[in-house]
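Enquirer:
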Amino acid sequence: MIKLTARQEQILNLIKDAIENTGFPPTRAEIAAELGFKSANAAEEHLQALARKGAIEISPGTSRGIRLLGAAA
Numbered sequence: 020m021i022k023l024t025a026r027q028e029q030i031l032n033l034i035k036d037a038i039e040n041t042g043f044p045p046t047r048a049e050i051a052a053e054l055g056f057k058s059a060n061a062a063e064e065h066l067q068a069l070a071r072k073g074a075i076e077i078s079p080g081t082s083r084g085i086r087l088l089g090a091a092a
């Protein structure tokens with residue numbers, strides 16, 4: 020199992036819920052707004068950490084380019 024911080028778990032659950040409810044992953048701005056971040060860049064840093072840990076894959080150049088991987092899916 021991937022070892023995630025509490026915040027990373029929170030973001031991963033947000034992504035899962037968005038995909039389950041809408042069929043699409045959230046944008047970085049939506050993640051930032053939902054979690055009270057001041058900018059989408061803060062969300063991006065957490066997404067990059069999740070990608071490094073193998074929980075998600077990020078498609079460059081797309082606002083909703085987040086795909087769940089492995090056990091996270």
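Residue numbers 20 to 92, in this note's numbering, belong to the letters of the sequence shown in order. Virtual Cβ for every residue (Gly too), placed ideally from N, Cα, C. The model shown is predicted, which means the values in this text are computed figures rather than measured ones.
Between residue 35 and residue 87, is the Cβ-Cβ spacing less than 9 Å?
Expert: The residue labelled residue 35 in the question sits at position 16 within the sequence shown. The residue labelled residue 87 in the question sits at position 68 within the sequence shown. A contact, by the Cβ cut-off of 9 Å.
Enquirer: Using the DSSP secondary-structure output, state which residues sit across from residue 26 in a beta bridge.
Expert: The sequence position of residue 26 within the sequence shown is 7, counting from 1. According to DSSP, residue 26 bridges with nothing at all.
Enquirer: Whose CA, out of 57, 37, 54, 58, lies closest to the CA of residue 85?
Expert: Position 66 of the sequence shown, counted from the start, is the residue given in the question as residue 85. The shortest C-alpha separation from residue 85 is found at 37.
Enquirer: Check whether the Cβ atoms of residue 62 and residue 83 lie closer than 9 Å to each other.
Expert: To locate residue 62, count along the sequence shown from 1; it is residue 43. To locate residue 83, count along the sequence shown from 1; it is residue 64. No, the Cβ-Cβ distance between residue 62 and residue 83 is not below 9 Å.
Enquirer: In terms of residue numbering, what span does the alpha helix (DSSP H) encompassing residue 50 cover?
Expert: Locating residue 50 in the sequence shown gives position 31, where the first residue counts as 1. Counting along the chain, the alpha helix (DSSP H) containing residue 50 begins and ends at 47 to 54.
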